[in-house]
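Scroll down for the structure; my scribbles are underneath it.
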Amino acid sequence: MLKKIRAWAKTHTSKRRYSPVGVVFHWGMAVIIVLMLAIGWLMGRLDVGAWKLSMFEFHMALGLVTLVLSGLRLVWRILIPGPVNDADALGLQTTLSHITHSAFYLCFVGLPFSGYLTWSAFAEGDRIDLGIFHIAPIAFDGLAFETKSQILYWADAIHHALIWLLLLIIPVHAGAALKHHFWDRHDVLVGMLPVLAGDDSPVKPTHKRRVSRSQRRSKTG
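To convert, take the position in the sequence shown, counting from 1, and add 1402; that gives this note's numbering.
Structure (C-alpha cells):
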C-alpha cells in the first residue's frame, strides 16, 4: 500500500511539484492558522457572554483540528518525500528554512496543548461538545489552588509566547517564498500551488546564476 502511495506521489514530485495531499495540507493549515489567530484576537476583545463562549468553543475545536492535521502532515512528510527544488541546496538559507519549518510544528503542537492546559486549569469539570467528539479537561480538581494557578500562569505564558513566535515566522515564511519566486526565480512557490485542470506539466528549474561584473567584462572583452 505504501509503495503504491509513494509511486502515486512520485508522479507529482518527479515534476518538481508537491503531491495534491501535500498541497492540501499546506494551504489547509494556512487557512486554519489565520482563522485561529483572528478568532483568538476577537475573543480577547469580547465581553463575557454567550457569544464569547461560542467563539471559545469554536477556537478549541479548531485547535483540535490543527493538532490532528499537523500530526497527519508530519507523518505524510516522513513517509512521502517531497520534491527536490531550487531551495534545497542553498546552504545557510536551506538551514534557516528547516529551522522555520520546525518552529511551525512547535507552534502547531504547542499552541493546542498549552491552550488545553490553560482551559483545564479553570474548567472545573466542564467539557466542550463538538458533535460526536467531546473535549474533557484534564482532572486538576485534586490539586491545590496555588498549583492550578501556576499551571494556568505557565500554560497561558507559553500559549502567548508561541502566538508571538507564529506571528513572527508567518511573514518570514511568506516573504522567503516571495523572494524565491520573484527575486531568485526559484521553483519553490510554483511547486506548492494547486495544479489547474489539464495542467500537470513539470515545473522547470528557474534558478539563474548571477554573473558578477568582472565576469561580464571578461565575456565582453
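Even for Gly, the Cβ is constructed at its ideal location relative to N, Cα and C.
These numbers were taken from a predicted model, which means no experiment stands behind them.
(message) So if DSSP puts I1530 in a beta bridge, which residue, or which two residues, is it bridged to?
(response) Paired residues: I1537.
(request) Confirm, please, whether the CB-CB distance from I1482 to A1411 is below 8 angstroms. (result) A contact, by the Cβ cut-off of 8 angstroms.
(message) How far does the alpha helix (DSSP H) with G1451 in it extend, from its first residue to its last?
(response) Unbroken run through G1451: none, as it is neither H nor E.
(request) Would you tell me roughly how many angstroms separate the C-alpha atoms of T1397 and E1548, rounded to the nearest one? (result) Coverage of the chain is limited to positions 1403 through 1623, which leaves residue 1397 absent and any answer about it impossible.
(message) Once the 5 residues before and after I1434 are set aside, which same chain residues still bring their CB inside 8 angstroms of it?
(response) Taking I1434 as the centre and dropping the five residues before and after it, the same chain places the C-beta of L1464, V1467, T1468, L1471 closer than 8 angstroms to its C-beta, in chain order.
(request) Evaluate P1422 with the Cβ neighbour count: other Cβ atoms within 10 Å of its Cβ, from every protein chain shown; 16 or more gives buried, anything less gives exposed. (result) Counting C-beta atoms within 10 angstroms of its own C-beta, P1422 has fewer than 16 neighbours from the protein chains shown and is therefore classed as exposed.
(message) Below 8 angstroms, how does it come out for the region 1494 to 1514 and the region 1551 to 1568: are there three or more Cβ pairs, yes or no?
(response) Segments in contact, yes.
(request) Report yes if the CB atom of D1488 is closer than 8 angstroms to the CB atom of V1592, and no otherwise. (result) In this structure, D1488 lies away from V1592, with their beta-carbon atoms at least 8 angstroms apart.
(message) Measuring only the C-alpha atoms, how far is I1565 from H1582?
(response) Going by the C-alpha atoms only, they are around 26 angstroms apart.
(message) Under DSSP, the alpha helix (DSSP H) around P1422 begins and ends at which residues?
(response) Counting along the chain, P1422 sits inside the alpha helix (DSSP H) bounded by residues 1422 to 1445.
(request) Taking V1574 as part of the alpha helix (DSSP H), name the residues at either end of that continuous run. (result) Where V1574 is concerned, the enclosing alpha helix (DSSP H) stretches over 1547 to 1580.
(request) Would you grab the beta carbon distance between W1478 and G1424 for me? Rounded to a whole angstrom, and I think it's under 8 angstroms. (result) The distance from the Cβ of W1478 to that of G1424 is about 7 angstroms, consistent with a contact at the 8 angstroms cut-off.
(request) Please name the residue in A1491, I1530, H1503 whose C-alpha comes closest to that of E1704. (result) No answer is possible for residue 1704: it lies beyond the span of the chain, which begins at 1403 and ends at 1623.
(request) Following the continuous alpha helix (DSSP H) through L1498, name the residue where it begins and the one where it ends. (result) It spans 1494 to 1525 - the alpha helix (DSSP H) in which L1498 sits, taken as one unbroken run.
(request) Return the residue from the list L1476, D1586, L1492, V1486 that minimises the CA-CA distance to F1506. (result) Each of L1476, D1586, L1492, V1486 was checked against the Cα of F1506, and the nearest Cα belongs to L1476.
(message) Is it buried or exposed, R1447, if we count other Cβ atoms within 10 angstroms and call 16 or more buried?
(response) Under this definition R1447 is an exposed residue.
(request) State the start and end residues of the unbroken alpha helix (DSSP H) segment that holds R1418. (result) In the DSSP annotation of this structure, R1418 is not part of any alpha helix (DSSP H), being labelled neither H nor E.
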